[in-house]
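Residue numbers (the numbering used here), protein chains in the order written: chain A, 8 to 260; chain B, 8 to 260. Glycine residues also receive a C-beta, built at the ideal position from the N, C-alpha and C atoms.
Okay, here's the thing in C-alpha cells:
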C-alpha cells in the first residue's frame, strides 16, 4: 500500500523521536543500562518533556525499555518466549504444566465468568489461583474457575484450603475426559492485585489469555491468565517459537 | 493471594477513577455513545485532567473505550473474535484464508527478518502485503516474507506487480509441502503506515502475530501480522473462541 497511498498524514513528533531514540538504544546503550533522566534526554533531543514521555511509552510498549519503580528506565533484554498453546490438549495441572498452584477459594464468580461457565448467577465455583515463573521471574498469574459440577467427587475433607486444596481440585478435574480447548488472546490492563504480583503498576498493559476447557459437551473449566506484556512473547505451536525481534522502524518497502 | 497479602500498596488515583468510570459506562452509557469532553468529565469526578486522561487510557487499553480522530471518545462495542490459529496447518492463500493479497515487492528485508529466514543479509525476498477484514472493517495488516528459494518456479513474466504478483507468489509457494508452523503473539506499537491503514494513530498498541512456516527442514515463509488491539480478540483452537468479556474490576475473591 505504501507505494500507492499519499503520505499526507504528517508523522507526529513523538513518533519521529521514538525512531531516533530506538536507533540510539541500538548504538549507544546495552541491555540493562539505565537511561539518563527525562530532563537530560529532553534537552539532548531538543523536545518537550511531554513529547519525550510519549516516545518512551512507545518504546516500553514495544518491549525495548522497562520502567521500574526505584530504578528508572532501563534498556530491556529481548522478550522471553513463553509457550501457551501446544498441539496437545491437556488439563491444567497435568504432567508438564508450567503453572504452580497457589491458592483455592470457593466463591461466586463475576457475571461474565458465570455466563461463560453456564453456571447460575449465585452458584459458587472453585477458583484456583496459580502463577507461572520463567527465567526466575513471575511472568503470569491465573484464575482458573471450576464449577462444582466438574469435580463431583471432591470433599471438603480432602484438603481444606490453600495450595493443597487447589491440587485436590485439579486431581478431581482430571477424572473428566477432556474433549477440547479453545483460547483467546487480548490486550488488557493489570488489575491492582495482579500488578503487585507481577511487579508492575496497576493498569500496565498485559496480555490476557482466556482458555475454555470442554468435557461432557460443556465448559468444565475456564482459565483467565494475565501475562506481563513487557517481557513476554506468547508462543503457540510446534517449536519454542519464532525468534524475531519486532522493530516497527525497520522496513524496506 | 488477595486473602493473605497485605494491601499495603495504595491504589493510584487514576486506577480508582478507572473503576468508577467503568461502572458509569455500564450503567449510564450505551455502545457507540460519545462521552462528555475531558473538562466536563474531570469536573464531574473532581479530578485533574491528567488523572482523567490516565483513567481513559486504561479503559481504552481494555477495549472499553475508543478514541477516534474527529469523533471523540466513544463507548466501544465488545471486541470481535478473529481466528488466528486452527489445529490445521495451511499455507497462506490456501482455501479459507481470511487474508486478501494487496501488493508484492522484491526487497532486502530488515536484518531481523533475514535472520529468521536464514537468508543472506543482501538477499532480496518477496514481500507480500495482505490485509484482513472483519465485520466490514480492516482489522489487520500483514507482511509475508518469502525467500526466492521457496518459489523457484516463479518467473518475472507471471504477473509483474501488485496483487496479481502476490497471488502468483503464493501459488508457487503451495508447491512446497508444508511441514509445520509456529506462532508468537506479542504487544507492539503500530508503525506509521500500518496505523494509517488500521485507522489508528502511530504508536497505538497492536498485537503482533509472527508465524513461521517450515518446509524442507527450513523456514519457507515468515508472516508478521499487525492486529488492532482495541477491537480484536485473537482466537485459537477448536471453536470460534471464548466469549468472555475481561473486566479487571470484577472479581469476588
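Taking residue i as the query, report the chain B residues whose CB atoms sit under 7 Å from its CB, ordered along the chain.
{"i": "residue 196 of chain A", "result": "65, 68, 69 and 255"}
{"i": "residue 232 of chain A", "result": "Those within 7 Å of residue 232 of chain A in chain B number zero; the least Cβ separation is about 11 Å."}
{"i": "residue 178 of chain A", "result": "Per Cβ cutoff of 7 Å: no residues; residue 178 of chain A is ~22 Å from chain B at best."}
{"i": "residue 172 of chain A", "result": "Result: empty, since nearest Cβ-Cβ is about 12 Å, beyond 7 Å."}
Using alpha carbons as the reference points, say which of the options lies closest to residue i.
{"i": "residue 184 of chain A", "options": "A:33, A:77, A:46 and A:221", "result": "A:221"}
{"i": "residue 108 of chain B", "options": "B:90, B:138 and B:85", "result": "B:138"}
{"i": "residue 27 of chain B", "options": "B:39, B:53 and B:37", "result": "B:53"}
{"i": "residue 30 of chain A", "options": "A:156, A:82, A:194 and A:77", "result": "A:82"}
{"i": "residue 56 of chain B", "options": "B:20, B:70 and B:128", "result": "B:20"}
{"i": "residue 167 of chain B", "options": "B:157, B:189 and B:110", "result": "B:110"}
{"i": "residue 208 of chain A", "options": "A:214, A:80, A:196 and A:218", "result": "A:196"}
{"i": "residue 89 of chain A", "options": "A:161, A:146 and A:60", "result": "A:146"}
{"i": "residue 75 of chain A", "options": "A:97, A:163 and A:41", "result": "A:41"}
{"i": "residue 214 of chain A", "options": "A:225, A:242 and A:223", "result": "A:242"}
{"i": "residue 210 of chain A", "options": "B:66, B:32 and B:34", "result": "B:66"}
{"i": "residue 199 of chain B", "options": "B:182, B:148 and B:176", "result": "B:148"}
{"i": "residue 36 of chain A", "options": "A:135, A:58 and A:80", "result": "A:80"}
Grouping DSSP H, G and I as helix and E and B as strand, with all else coil, what is residue i?
{"i": "residue 125 of chain B", "result": "coil"}
{"i": "residue 244 of chain A", "result": "strand"}
{"i": "residue 110 of chain B", "result": "strand"}
{"i": "residue 102 of chain B", "result": "coil"}
{"i": "residue 162 of chain B", "result": "coil"}
{"i": "residue 54 of chain B", "result": "coil"}
{"i": "residue 170 of chain B", "result": "helix"}
{"i": "residue 214 of chain A", "result": "strand"}
{"i": "residue 64 of chain A", "result": "helix"}
{"i": "residue 97 of chain B", "result": "coil"}
Roughly how many whole angstroms lie between the Cα atoms of residue i and residue j?
{"i": "residue 114 of chain B", "j": "residue 131 of chain B", "result": "5 Å"}
{"i": "residue 227 of chain A", "j": "residue 105 of chain A", "result": "20 Å"}
{"i": "residue 121 of chain A", "j": "residue 152 of chain A", "result": "9 Å"}
{"i": "residue 201 of chain A", "j": "residue 234 of chain B", "result": "25 Å"}
{"i": "residue 86 of chain B", "j": "residue 18 of chain B", "result": "28 Å"}
{"i": "residue 43 of chain A", "j": "residue 73 of chain B", "result": "34 Å"}
{"i": "residue 219 of chain A", "j": "residue 190 of chain A", "result": "6 Å"}
{"i": "residue 124 of chain A", "j": "residue 229 of chain A", "result": "7 Å"}
{"i": "residue 24 of chain A", "j": "residue 39 of chain A", "result": "21 Å"}
{"i": "residue 126 of chain A", "j": "residue 154 of chain A", "result": "7 Å"}
{"i": "residue 78 of chain A", "j": "residue 84 of chain A", "result": "15 Å"}
{"i": "residue 119 of chain B", "j": "residue 161 of chain B", "result": "25 Å"}
{"i": "residue 212 of chain A", "j": "residue 237 of chain A", "result": "8 Å"}
{"i": "residue 159 of chain A", "j": "residue 179 of chain A", "result": "8 Å"}
{"i": "residue 239 of chain A", "j": "residue 129 of chain B", "result": "31 Å"}
{"i": "residue 174 of chain A", "j": "residue 204 of chain B", "result": "48 Å"}
{"i": "residue 156 of chain B", "j": "residue 46 of chain A", "result": "50 Å"}
{"i": "residue 225 of chain A", "j": "residue 194 of chain B", "result": "32 Å"}
{"i": "residue 181 of chain B", "j": "residue 117 of chain B", "result": "25 Å"}
Could you name the residues of chain A that residue i contacts, counting a contact when the two beta carbons are closer than 9 Å?
{"i": "residue 113 of chain B", "result": "Near residue 113 of chain B there are no residues of chain A at all, since even the closest Cβ is about 10 Å away, more than 9 Å."}
{"i": "residue 25 of chain B", "result": "196, 209 and 210"}
{"i": "residue 214 of chain B", "result": "192, 193, 194 and 214"}
{"i": "residue 60 of chain B", "result": "The contacting residues do not exist; residue 60 of chain B stays about 11 Å from chain A at best."}
In terms of DSSP beta bridges, what is residue i paired with?
{"i": "residue 220 of chain A", "result": "A:188 and A:228"}
{"i": "residue 149 of chain A", "result": "A:137 and A:232"}
{"i": "residue 81 of chain B", "result": "B:41 and B:73"}
{"i": "residue 120 of chain A", "result": "According to DSSP, which records beta bridges pairwise, residue 120 of chain A is partnered with nothing at all."}
{"i": "residue 194 of chain A", "result": "A:214"}
{"i": "residue 143 of chain A", "result": "BP columns for residue 143 of chain A are empty, so no partner."}
Mind pulling the chain B residues with CB within less than 8 Å of residue i?
{"i": "residue 22 of chain A", "result": "199, 209 and 210"}
{"i": "residue 92 of chain A", "result": "92, 243 and 244"}
{"i": "residue 139 of chain A", "result": "By Cβ distance, chain B contributes nothing, its closest Cβ being about 14 Å from residue 139 of chain A, past 8 Å."}
Does the Cβ of residue i lie closer than 7 Å to at least one heavy atom of the ligand MG?
{"i": "residue 108 of chain B", "result": "Of ligands this structure carries none, so the ligand MG is not represented either."}
In chain A, which residues lie with their C-beta within 8 Å of the C-beta of residue i?
{"i": "residue 19 of chain B", "result": "208, 209 and 210"}
{"i": "residue 236 of chain B", "result": "193 and 194"}
{"i": "residue 240 of chain B", "result": "191, 192 and 193"}
{"i": "residue 86 of chain B", "result": "193"}
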